[in-house]
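For the sequence shown, my numbering assigns the number 4 to the initial residue and increments by one for each residue that follows.
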Amino acid sequence: MSSQWRKRLTRLLPLLLWCGGVEMVETTQIEAARKGVVTEQMRQVAQKEGLDEDVVRHLVAEGRMVILYNPNHSDGGAVAVGHPARTKVNANIGTSEDRADVDLELAKLRAAIAAGTDTVMDLSTGGDLDKIRRQIIAESSVPVGSVPIYQTVKETVGAGGEVWEFDADALFADIEKHAGDGISFVTVHCGVTRASLERLHKQGRIMGIVSRGGAFLARYIEETGRENPLYEQFDRLLDIAKKYDLTLSLGDGLRPGCLSDATDRAQIEELITLGELRKKALEAGVQVMIEGPGHIPLNQVEENMRLQKELTDGAPFYVLGPVVIDIAKKYDLTLSLGDGLRPGCLSDATDRAQIEELITLGELRKKALEAGVQVM
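Here is the structure:
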């Protein structure tokens, strides 16, 4: 598809979604909460969490709790993230260019749900991404998240372009398409900016950028000289999120990939930016959670949790790890080493491992919870 036609379709997408019966919201959870309204989703999570409905409403109004829910995926139910709700578990699944088997991904989905996962993320990069995502949403009984830039870059490369040659309009169109399909939360790496990259290059790093989405955007900035469109056009992103009450998971594109890079200037620069963007999102009535921090030495985990909460004013925290060792085998069980130190930590399940490993992780999680430790 030519870039000209893609831009035309981008402008038509909202109309096509409306004609196709896609549901958009009139009032977001935050807006309702600030008006003193307890929504059906607030009632659901209050009952699940054993919390008073008005407590949930108050926390949502302040942005210290998010409710993952998309009316276009009502079968996924509503899930609360943020203290004092219990720690949630997310399972990553998804195809790759080498293994684009949707039946395998659906089997992973069923195994993850059977093991007790609270949410799943479709991180597919191979095959028909629209078809795969829609099948996962259709079969999932829990909220589903995604990283839309994966699709944008895949289609750019498939059309003969480089990873950094994606069109900003196409990226926003993919975000809206995912929301219209029923995705409840999206990872968007808004904090990878020209300023944060300049700081990264000045200080240096052993592992550089290890986030896939973060690397795509960094390359875009370096090759074009332009600003990250997710940062520069953040208001446009908020408009889309507000239509569907889509929760923005502000991704940590500059998270440390090894212990030696932990808590460096680039990581903190990005975190400060994400905190500022969260404030802007809340003012617009959009729900936000913050991702981080990746590889962190054991003695820095508590400090990172404190920094995260202080710099983002208590935002719900989606923790990728923390991974407290660089030399362990590549099993996600390694991530649980840092989880018991802080109840607010949450690590993701495997997106590439065998189904049996998912089941094993579920069994280990249950034993840990029985022992009073919230881990994954």
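We put the beta carbon where it would ideally sit given N, CA and C, even for glycine.
Keep in mind that this is a model prediction, so the values were computed, not measured.
Counted within 10 angstroms of its Cβ, other Cβ atoms place residue i as buried (16 or more) or exposed
{"i": "D57", "result": "exposed"}
{"i": "K38", "result": "exposed"}
{"i": "S77", "result": "exposed"}
{"i": "T227", "result": "exposed"}
{"i": "A81", "result": "buried"}
{"i": "G324", "result": "buried"}
{"i": "D131", "result": "exposed"}
{"i": "D125", "result": "buried"}
Which listed residue (the options) has its alpha carbon closest to that of residue i
{"i": "I299", "options": "T315, D329, E52, N231", "result": "D329"}
{"i": "T122", "options": "A176, D131, D101, I70", "result": "I70"}
{"i": "D316", "options": "G278, G324, A284", "result": "G278"}
{"i": "V189", "options": "I178, D267, E235, V289", "result": "I178"}
{"i": "V295", "options": "D255, T266, E305, R113", "result": "It should be noted that the sequence gives Gly, not Val, for residue 295. Ranking the options by Cα distance to G295, first place goes to D255."}
{"i": "F320", "options": "R89, D125, R37", "result": "R89"}
{"i": "A173", "options": "E165, G164, T159, G163", "result": "T159"}
{"i": "L280", "options": "E201, D238, R37, L54", "result": "D238"}
{"i": "I271", "options": "L310, A162, R60", "result": "L310"}
{"i": "A221", "options": "L233, L200, Y234", "result": "L200"}
{"i": "G211", "options": "A269, R136, A318", "result": "A269"}
{"i": "Y234", "options": "E305, R197, A118", "result": "R197"}
{"i": "V191", "options": "P232, G164, E165, E306", "result": "P232"}
Rounded C-alpha distance that separates residue i from residue j
{"i": "K205", "j": "V195", "result": "15 Å"}
{"i": "N75", "j": "A103", "result": "25 Å"}
{"i": "R229", "j": "I140", "result": "34 Å"}
{"i": "V63", "j": "A244", "result": "16 Å"}
{"i": "C193", "j": "L257", "result": "11 Å"}
{"i": "G79", "j": "G207", "result": "43 Å"}
{"i": "K282", "j": "F169", "result": "28 Å"}
{"i": "E52", "j": "R67", "result": "15 Å"}
{"i": "V156", "j": "F219", "result": "8 Å"}
{"i": "N73", "j": "E34", "result": "15 Å"}
{"i": "L344", "j": "V25", "result": "Legend: pLDDT at L344 = 46, less than 50; position of this residue unreliable, value from coordinates given subsequently. Rounded to the nearest angstrom, the two C-alpha atoms are 42 Å apart."}
{"i": "D264", "j": "V326", "result": "12 Å"}
{"i": "H86", "j": "E313", "result": "14 Å"}
{"i": "H181", "j": "P151", "result": "7 Å"}
{"i": "I209", "j": "Q44", "result": "44 Å"}
{"i": "L251", "j": "M292", "result": "6 Å"}
{"i": "V84", "j": "Q47", "result": "13 Å"}
{"i": "A110", "j": "G297", "result": "28 Å"}
{"i": "G217", "j": "E273", "result": "11 Å"}
{"i": "D354", "j": "Q154", "result": "The predicted model places D354 with a pLDDT of 43, which falls under 50 and marks its position as unreliable, so this point remains unresolved."}
{"i": "L253", "j": "A49", "result": "25 Å"}
{"i": "M308", "j": "V289", "result": "23 Å"}
{"i": "L18", "j": "R137", "result": "Since pLDDT at L18 reaches only 47, below the 50 mark, its modelled position is unreliable, and the value read off the structure follows with that caveat. The straight-line gap from Cα to Cα measures roughly 20 Å."}
{"i": "T266", "j": "R215", "result": "19 Å"}
{"i": "Y1", "j": "A162", "result": "Absent from the structure is residue 1, since the part of the chain shown begins at 4 and ends at 379."}
{"i": "T276", "j": "I96", "result": "29 Å"}
Close beta carbons around residue i, own chain, < 6 Å, minus the five adjacent residues each side
{"i": "A287", "result": "L241"}
{"i": "K246", "result": "M27"}
{"i": "A94", "result": "A115, T120, V123, A352"}
{"i": "V213", "result": "G260"}
{"i": "G129", "result": "T98, S99, E100, A103"}
{"i": "L301", "result": "V327"}
{"i": "L262", "result": "H298, P300, D329"}
{"i": "L249", "result": "A182"}
{"i": "V41", "result": "E56, R60"}
Residue i: CB within 7 Å of a non-hydrogen atom of the ligand FAD
{"i": "P325", "result": "Looking at this structure, you won't find the ligand FAD or any other ligand, since it has none at all."}
Other residues of its chain near residue i: CB distance less than 8 Å, five sequence neighbours each side excluded
{"i": "M236", "result": "A small correction: the amino acid at residue 236 is Gln; Met does not occupy that position in the sequence shown. Here the set comprises A171, F175."}
{"i": "E142", "result": "L109, L112, R113"}
{"i": "E225", "result": "W167, L200"}
Cutoff 7 Å; reference residue i; Cβ partners in own chain excluding five residues on either side
{"i": "A284", "result": "L241, L251, V291"}
>> Across the stretch 147-161 and the stretch 185-194, are there enough close Cβ pairs to call them in contact, namely three or more that are closer than 8 Å?
In response: Between the stretch 147-161 and the stretch 185-194, the count of C-beta pairs closer than 8 Å reaches three or more; the two stretches touch.
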